[in-house]
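Residue numbers (the working numbering): 5 to 142.
All C-beta atoms in this analysis are idealised placements derived from N, C-alpha and C, irrespective of residue type, glycine included.
The structure appears right after this line, and notes come after that.
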């Protein structure tokens, strides 16, 4: 049995190594192309979106709130709610929406809820953001 193994093992190793009796020489390198190589891009062929710049920040009409309005918001919606941003006659009131609280779109003058979004949506949210909210959203 050992003698058979000593004869068969080297033949098996030779056969499995991919070596063949005749060898083809490796192909030479192709001649360099005279055309310039295409520019490297990570866009995967997609066009850049029009107006992809970051929206302007710090617009006082959208980011600042008067102390009176902030107090009215807390009085109507609770201590955990705060003014976040404005768009025309609507304001966004964030009641810890990042941790499943509601986000309200309300009228600036009356604080009437136009639309309720965020974590409160399991209670039935519609129209988020409302059609009247024409400003960019995050």
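What's the C-alpha gap between residue i and residue j?
{"i": "residue 59", "j": "residue 121", "result": "With a pLDDT of only 41 at residue 59, under 50, the local geometry of the prediction cannot be trusted, and no value is derived from it."}
{"i": "residue 54", "j": "residue 105", "result": "Summary for residue 54: the model assigns pLDDT 45, below 50, so the residue's position carries little reliability, and this model does not support an answer."}
{"i": "residue 131", "j": "residue 76", "result": "24 Å"}
{"i": "residue 85", "j": "residue 97", "result": "6 Å"}
{"i": "residue 71", "j": "residue 89", "result": "14 Å"}
{"i": "residue 117", "j": "residue 78", "result": "14 Å"}
{"i": "residue 135", "j": "residue 112", "result": "16 Å"}
{"i": "residue 80", "j": "residue 141", "result": "24 Å"}
On the DSSP letters alone, give me the boundaries of the alpha helix (DSSP H) that residue i sits inside.
{"i": "residue 73", "result": "71-81"}
Tell me the residue span of the beta strand (DSSP E) that contains residue i.
{"i": "residue 120", "result": "117-122"}
{"i": "residue 84", "result": "From DSSP, residue 84 is part of no beta strand (DSSP E); its letter is neither H nor E."}
{"i": "residue 112", "result": "Residue 112 -> no beta strand (DSSP E), and no H or E assigned at all."}
Bridge partners of residue i, per DSSP?
{"i": "residue 90", "result": "95"}
{"i": "residue 106", "result": "122"}
State yes or no: is the C-beta of residue i within less than 8 Å of the C-beta of residue j?
{"i": "residue 99", "j": "residue 109", "result": "no"}
{"i": "residue 133", "j": "residue 114", "result": "no"}
{"i": "residue 94", "j": "residue 137", "result": "yes"}
{"i": "residue 103", "j": "residue 87", "result": "no"}
{"i": "residue 91", "j": "residue 139", "result": "yes"}
{"i": "residue 101", "j": "residue 82", "result": "no"}
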